[in-house]
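When the letters of the sequence shown are read in order and numbered with UniProt numbering, they come out as residues 1 to 661. No residue lacks a Cβ here, since even glycine has one placed at the ideal position from N, Cα and C.
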Amino acid sequence: MNSTALRPQGSHGGITKRAGGRTRIDRDGDLDMDGPSGGRGGRGRGNRNRGGRGGGAGAVSRGGRSGAGSIIPAGPAASRMDLNQNRNRGIPARGPRNGIVSVSETLVEVRITGWKDSKGSAEEAIAFLERKSRVKLRKTLKQGDTIIAQVPFPKIHSILEWNDAQFASSKLRLAAPSLGRLDVTERSEAVISRANPANKDTVDTILALEGVLANRYNPESKFLDLSRLGEDALLKANGFFQLSSTTSKMFPALMQVAEKKFTTAQQKRDTVHSVSLAYNNLKDVRTVTSLSVTFPDLKNLSLEGNSIQDWNTLDSWRHRFKNLEQLVLSGNPITSQQGYVEEAYRRYQKLLMLDNIPVDPAIRQKITAEGAAPVLPHKVQSRFIQDDYGVGMKFLSRFFEAYDADRVSLLREFYDGESLFSLSVNTSAPRTKEQQNTRQFWDEYIPRSRNLKRVSHLKGRTDRLAMGPDEIAKLWGELPATKHDLANGDAWSFDIWPVEVTSGVMGVLCTVHAEFQELNKVDGPQKVVRRSFDRSFMLRPDVLGKVKVANDMLVVRAYGGFDSWKPEDGSGSAGGGGEQEKGEAAKKSMCEQLMAQTRLRSDWATMCLSETGWNIESAWKAFLEAKANGAIPPDAYLPDSTTAPATAIGANTAGGRDGIL
């Protein structure tokens, strides 16, 4: 295959201009590929003599070309020509002959998975896809975690474009296993036939599009110029812009005609290096996304002078054009976006030129270093604490130990008549690899779960909200016994910060992520089941100034591990502060831990740690010794803490530094 692959076969281009109706384009003469192109203008039937035809309106001259027959699709496509011609003449099409079904009528099986991981139903997933793709799914059937549907072949790609679409809290996976078994010629013919203008058949369409490609291809520079298609004389003369239905389908058909010119991917790589889609009034790339399928190895691409607003409108090409070296987006609103240059290099790693400006080595180095990791303002840490008076720390140090051993005393101490408690079961939360194929039993939780995604009736929501110690005690009594591992600090993550509970009344919000063990009474013989949970406490003072729980929300889920909040070491984090930042964070964490254990003020805890070489165990022992000797004044403690400090979860007199506080 040489560089003349896109030139017309034979001695003539096979196209004569047609005196057709006026095509509606925008004021700049650009083709609007996203919307209707206007009315039918002065369309006529034209002369459809098959011999040496004259140039009547709508006529496409084949003359006596011997090579014309070589581009007619073979097989079932050839037998469908008469049906297409009859349809164009207004004659009702007859059914398929000899049992041959038109490819446009062929139903392709589509398998949809991933919906089960979301909070939506199968019906909602189907409605979502139909709404987004504007394609009606036929003969839908649910088999386990898979939805099986039938889609007419011409519309199959409109559905498959929504593969990996975000649905509820998961991504939908779409596949058409039988698509590859359809004859390649049939698939190509179907795409092209959808672009047939009025009073044209597929052969006419192919001839016209071949002429467009031949006129716009430069073999010396290996450049295919598809800019300003709305002004193209051949496309206008052959009626591609008279109907919106053919306007939007013209480009995919053009790519199919180009595809038929090559037999290998290497031939395409050697023949076409550059493509321009400039000045086509593109708002996104949905109508031209097939370019990435026909020419996936382009080196240079221009989208200059279109109406592309942001990178989201280019997501169809996010993982395409892996070898792109030059991209032109000048003249589009996207170029004024913050981070425009960085995102371009992030998407196309081999990019050397952007808008005719060479790549900045500093930006390339930055993007390469960050890789695919998300850019976060701070490193991942297992805790975030703003608790100057230690209210939240003291509460947590007491709560979980008492919840396992004596829930009644816990209710008396921290809950009053206005306290609220609710339980929610999240059955679709991510699990560890070991838990993927393990069946989960929720029999003791589901009847009491107040998951608002599942419980929609007002009465059900009201009945499952416990208020006051009596109602909460009843609900807690119906839940399985638990055991929280207070010594494994890595398995706990908690955030504490002050909030305004009511107007003028400050409180503390505590959010905890961890795990517990329960004695499962449902799954055959009794055995210990490991679960993860999320629990949020809104703490407030009562009239006497004592700490009370305003709201307690518990979410129980399958065991998911604790890798998500493992502290980062700073080696790969954007904007990291190195060892100094890591050391400061560690010191702050130790200071907060010692404050919780001792009830000392921040300055005294810092002094204690500093004098003991920032060793938490030595600092604890030094505190006990100083306290025994009366060397700690009353004002060294946090308010209302002149008595012995409360012991933190997991801490002991031996200086247990592995607790969660």
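message: Please return the same chain residues whose Cβ sits closer than 6 Å to the Cβ of M81, not counting the five positions on each side in sequence.
response: Any reading at M81 is ruled out, since the residue's pLDDT is 36, under 50, leaving its predicted position unreliable.
For I357, the three-state DSSP class (helix, strand or coil): Residue state for I357 is assigned as strand, using DSSP reduced to three classes.
message: For G331 and C510, which I take to be in contact (beta-carbon distance under 8 Å), what is that distance rounded to the nearest angstrom?
response: Incorrect: roughly 53 Å between the Cβ atoms, too far for contact.
Check whether R173 and G114 have beta carbons under 8 Å apart: yes
Contact belief for R535 with L554 at Cβ below 8 Å, rounded distance in angstroms: 5 Å
- request: Run the CB neighbour count on V293, radius 10 Å, all protein chains shown included, and call it buried at 16 or more, exposed below.
  value: Label assigned to V293: exposed.
message: Less than 8 Å between the C-beta atoms of A253 and L234, yes or no?
response: The answer is no: Cβ separation not under 8 Å.
field: Test item: CB-CB of T313 and D284 under 8 Å
entry: yes
Whether A481 touches L475 by CB criterion (8 Å): Judged by their CB atoms, A481 and L475 are not nearer to each other than the 8 Å cut-off.
- prompt: For S419, does the three-state DSSP call read helix, strand or coil?
  reply: coil
field: Reduced DSSP category for Q85 - H, G, I as helix; E, B as strand; rest coil
entry: Any reading at Q85 needs caution, since the residue's pLDDT is 40, under 50, leaving its predicted position unreliable; the model's value is listed next. Of the three classes helix, strand and coil, the one that applies to Q85 here is helix, per DSSP.
- request: Could you please give me the residues that DSSP links to I496 through a beta bridge?
  value: I385, C510
- prompt: If S419 sits next to V549, beta carbons under 8 Å apart, how far is it from one beta carbon to the other, in whole angstroms?
  reply: With a Cβ gap of about 5 Å, S419 and V549 count as contacting.
Residue interval of the alpha helix (DSSP H) (run including D463): Segment 458-463, the alpha helix (DSSP H) holding D463.
query: Touch check for the stretch 449-456 and the stretch 423-434: three-plus C-beta pairs under 8 Å?
result: Yes: the two stretches touch, three or more of their Cβ pairs being nearer than 8 Å.
- prompt: Which residues in the same chain as S221 place their Cβ atom closer than 8 Å to its Cβ, once the five residues preceding and following it in sequence are excluded?
  reply: H273, S274
task: Count the other C-beta atoms from every protein chain shown that fall within 10 angstroms of the C-beta of Y387, then say buried if there are 16 or more, exposed otherwise.
output: It should be noted that the sequence gives Asp, not Tyr, for residue 387. The residue is buried, with at least 16 neighbouring Cβ atoms inside 10 Å.
field: Neighbourhood of F223 by C-beta distance below 6 Å, restricted to the same chain and skipping five residues each side
entry: S274
Nearest candidate by alpha-carbon position, reference residue 743, set F321, E325, T271, L352: Residue 743 is absent from the structure shown; the chain starts at 1 and stops at 661.
field: Beta-carbon contacts of T289 that lie in its chain and below 6 Å, excluding the five residues immediately before and after
entry: Closer than 6 Å at Cβ, skipping near neighbours: S316.
Alpha-carbon spacing of Q440 relative to E109, whole angstroms: Whole-angstrom Cα-Cα distance: 32 Å.
query: According to DSSP, what are the bridge partners of Y345?
result: Answer by DSSP bridge pairing: none, since Y345 is not bridged.
message: Quick check on DSSP: helix, strand or coil for G578?
response: Caution applies to G578, whose pLDDT of 41 falls short of 50 and renders its modelled position unreliable; the value that the coordinates give is listed next. Looking at G578 - three-state DSSP - the assignment turns out to be helix.
- prompt: If you compare alpha carbons, which of M590, L282, F128, Q309 is closest to Q338?
  reply: Q309
task: Could you have a look at S397 and say whether DSSP puts it in helix, strand or coil?
output: Correct three-state label for S397: helix.
field: Sub-8 Å separation of N300 and Q266 beta-carbons
entry: For N300 and Q266, no; Cβs fall outside 8 Å.
query: When you compare only the Cα positions, how much space is there between I363 and M250?
result: 39 Å
- prompt: For the candidate residues Q256, V257, K261, V212, whose alpha-carbon lies nearest to that of N238?
  reply: V212
task: Buried or exposed for V151, please, with buried defined as at least 16 other CB atoms from any protein chain shown within 10 angstroms of its CB.
output: buried
task: Use the C-beta contact count for N306: other C-beta atoms within 10 angstroms, 16 or more gives buried, fewer gives exposed.
output: buried
task: Write down every uninterrupted run of the beta strand (DSSP E) in the stretch 105-137 whose length is 3 residues or greater and which is fully enclosed by it, in chain order.
output: 107-113
query: Leaving out five residues before and five after R461 in sequence, what residues of the same chain have Cβ atoms less than 8 Å from its Cβ?
result: R450, L452, V455
- request: Label residue 699 either buried or exposed according to how many other C-beta atoms from any shown protein chain fall within 10 Å of its C-beta, with 16 as the threshold for buried.
  value: What is shown of the chain runs 1 to 661, which leaves residue 699 out entirely.
- prompt: E259 by DSSP, collapsed to three states: which one?
  reply: helix
query: Can you tell which of A636, P333, A149, N629 has the C-alpha that lies nearest to the C-alpha of T598?
result: A636
query: According to the neighbour-count rule (16 or more other Cβ atoms, all chains shown, within 10 Å of its Cβ), is E592 buried or exposed?
result: buried
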